[in-house]
Every structure is written in structure tokens, then in C-alpha cells.
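Per the working numbering: the sequence shown ends with 221, consecutive numbering throughout. Glycine included, C-beta positions come from ideal geometry on N, C-alpha and C. Keep in mind it's a predicted model, so treat the numbers as computed, not measured. Here is the structure we will look at, set down as C-alpha cells.
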Amino acid sequence: MAPRRRLGIMGGTFDPIHYGHLVTAEEARVQFGLEQVIFVPNRHPPHKDPREVTDPEHRYLMTFLATATNPHFTISRLEIEREGPSYTIDTIVEFKRRHPDEALSYITGADAILQILRGEWEDSPRLLALCDFIAATRPGFVLDHDAVRANNVTGRRLDNIHFMEIPALAISSTDIRRRVALGRPIKYLVPEPVESYIVQHGLYGAAAPTRAEARRSPDD
Ligand code: NAP
Numbered sequence: 002m003a004p005r006r007r008l009g010i011m012g013g014t015f016d017p018i019h020y021g022h023l024v025t026a027e028e029a030r031v032q033f034g035l036e037q038v039i040f041v042p043n044r045h046p047p048h049k050d051p052r053e054v055t056d057p058e059h060r061y062l063m064t065f066l067a068t069a070t071n072p073h074f075t076i077s078r079l080e081i082e083r084e085g086p087s088y089t090i091d092t093i094v095e096f097k098r099r100h101p102d103e104a105l106s107y108i109t110g111a112d113a114i115l116q117i118l119r120g121e122w123e124d125s126p127r128l129l130a131l132c133d134f135i136a137a138t139r140p141g142f143v144l145d146h147d148a149v150r151a152n153n154v155t156g157r158r159l160d161n162i163h164f165m166e167i168p169a170l171a172i173s174s175t176d177i178r179r180r181v182a183l184g185r186p187i188k189y190l191v192p193e194p195v196e197s198y199i200v201q202h203g204l205y206g207a208a209a210p211t212r213a214e215a216r217r218s219p220d221d
């Protein structure tokens with residue numbers, strides 16, 4: 002029997018999306034043989050005050066711009082359109098309903114996956130049983146295996162969780178927001194269309210371009 006096709010579900014707040022996220026998705030796709038990676042920006046990250054995160058439509062559009070040139074990447078509005086906290090369990094259940102013949106790998110930051118193991122997410126034990134997990138770690142992250150085992154409140158085996166070090170995750174959304182607010186460059190940290198979007202919409206305290214700057218053509 003042919004092995005089941007596997008889809009990656011890349012969950013995040015993406016406030017904003019940056020090259021660390023894109024490298025994570027591409028590396029996961031290749032390492033784990035994923036047919037496709039579907040980016041799923043959330044509407045309301047359950048662990049954050051919605052007033053602290055940028056409007057979901059801005060985050061969705063930046064994710065769209067960043068992923069448009071990779072034929073293996075797509076983007077879903079599933080969480081953006083669902084009212085209330087964006088619980089990952091609801092998302093995975095829905096993707097399983099839509100893709101009954103494919104296996105799913107949920108990709109996100111390692112900190113988030115450790116929270117699931119500690120049982121901090123909605124329905125964590127059930128979520129852990131529904132799919133594989135790919136946990137991206139930043140350089141310098143050291144996984145404390147004993148602590149992971151001790152904190153594994155779910156009582157489940159851990160062989161469906163895979164850790165993957167991503168050097169490009171030295172980039173972080175928090176740092177990008179801070180840089181924009183301070184007027185420091187974010188070029189080469191985010192794709193150019195995302196950088197332009199941030200400036201055009203004055204996100205994160207970016208100074209909006211003057212009319213003359215907005216009109217200027219590349220030949221000026
Ligand atoms: P977060 O808590 O802001 O970030 C945790 C760390 O993971 C950050 O260092 C973050 O870096 C990194 N990270 C986040 N998404 C990543 C990705 N796709 N690939 C690589 N690194 C990533 O994370 P978040 O983005 O708000 O939440 C992650 C996902 O978990 C979201 O889809 C969220 O909805 C979900 N979640 C669900 C529940 C629940 O169901 N109860 C609870 C919490 C979170 P950056 O800051 O640079 O992105």
C-alpha cells in the first residue's frame with residue numbers, strides 16, 4: 002500500500018511573518034516529506050489578549066504576501082474566520098475532516114508544543130493523539146528530556162513529536178516589531194512585500210510614507 006500523503010499545518014500568530022517562519026516551513030516540508038504546507042494564521046491566539054495582537058486581516062495578508070512565491074505553500078482562512086479563541090484542536094479536527102486520506106503534521110514553535118505536553122492547551126491529550134507535531138527550535142535551545150517526560154501530563158508516548166533546529170529562527174516577530182517602532186531596518190528579516198506592507202499600513206509604529214515617497218517609481 003502506498004504511504005499516506007502528509008500535509009503540514011503551520012500554525013502561528015505571524016505578527017509579522019518573517020524568514021524564520023518561512024525557513025521552518027520549507028525545512029519541515031523537505032525533512033518530513035510534506036506534500037504541501039498550509040499556513041494558518043490565527044484570529045485570536047488563545048493565550049494572548051486580542052488587543053495585544055495586530056488585526057487578523059493584516060496578519061493574514063502579510064502571510065499571503067510572504068508565501069505567494071512558493072508553489073508548495075498555501076494559506077487558509079479557517080482560523081481567521083472562526084469567532085472566538087483559535088483553539089488548535091478545532092483546527093486539526095476540521096483539517097482531518099477536509100483531508101481524510103492525508104496524515105497531518107502540525108508545525109509551530111517548540112515552546113508552544115511544550116505547552117501542549119504540559120496540558121495547557123484546550124483538549125491537549127486529544128490533540129496530541131490526532132496528528133504529528135514538528136517543533137521548531139531557536140539556536141541555543143536545549144531540550145530537557147527529563148523535564149519533558151516529567152511534564153508530560155498527557156501520559157501519551159512522545160514519538161509523534163519531532164524537534165527541528167532552525168538557525169534562521171534567530172529572527173523573531175517581537176524583535177521585528179521593536180525594530181520597526183525604533184525606526185531600525187527590517188530588510189532581509191522579512192520578505193520585501195511584507196516590509197512594504199508594514200510601512201504602507203503604519204504597522205508597529207512604522208512611519209507611513211509621505212505622498213511623494215508613495216508615488217516615487219523605482220526609476221526615480
Ligand atoms: P507564541 O506563543 O507567540 O510563540 C512561541 C514561540 O514560537 C515564539 O518564539 C514564536 O516566534 C515561535 N513560533 C510561533 N509560531 C511559529 C511557527 N509557525 N514556526 C516557528 N516558530 C514559531 O506563538 P503563537 O504564534 O502565538 O502560537 C503558536 C500557535 O499555537 C498558534 O497557531 C496559536 O493559535 C496556537 N496556540 C493554541 C493554543 C490552544 O489551542 N489552546 C494555545 C496557544 C497557542 P515568533 O514570535 O517569531 O513567531
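Helix, strand or coil at residue i [DSSP, three-state]
| i | result |
| --- | --- |
| A69 | coil |
| L62 | helix |
| T55 | coil |
| L190 | coil |
| L8 | strand |
| I199 | helix |
| I81 | helix |
| F96 | helix |
| I39 | strand |
| T75 | strand |
| Y13 | Here the sequence assigns Gly to residue 13, which means Tyr is not the residue at that position. G13 falls in the strand class under three-state DSSP. |
| N153 | coil |
| R30 | helix |
| D50 | coil |
| I18 | coil |
| Y88 | coil |
Sub-7 Å separation of residue i and residue j beta-carbons
| i | j | result |
| --- | --- | --- |
| R12 | T109 | Correcting the residue identity first, residue 12 is Gly in this sequence and not Arg. In this structure, T109 lies closer than 7 Å to G12 by Cβ. |
| A208 | V24 | no |
| E121 | T138 | no |
| I117 | S125 | yes |
| T92 | E80 | yes |
| R44 | S87 | yes |
| T68 | P46 | no |
| P186 | L66 | no |
| F245 | T64 | The requested residue 245 is not part of the displayed model; the chain covers only 2 to 221. |
| A111 | A151 | no |
| D56 | S174 | no |
| L35 | R7 | yes |
Which listed residue (the options) has its alpha carbon closest to that of residue i
| i | options | result |
| --- | --- | --- |
| R5 | I117, H202, D112 and A104 | A104 |
| R60 | R178, G184, A182 and P186 | R178 |
| I172 | T14, I18, I10 and Q201 | I18 |
| L115 | F142, R99 and V94 | F142 |
| G9 | I199, K188, G85 and H163 | H163 |
| V181 | I90, G203, R52 and A148 | G203 |
| D133 | V38, L159 and D145 | L159 |
Neighbour flag for residue i against chain D, beta carbons, 7 Å
| i | result |
| --- | --- |
| K49 | The structure shown contains no chain D; it is built from a single protein chain. |
Output the residue ranges of the beta strand (DSSP E) runs that lie fully inside the segment 102-150 and measure 3 residues or longer, sorted by chain position. 104-110 and 133-138
Please specify which runs of the beta strand (DSSP E), each continuous and at least 3 residues long, are wholly inside the segment 159-185, giving them in chain order. 162-166
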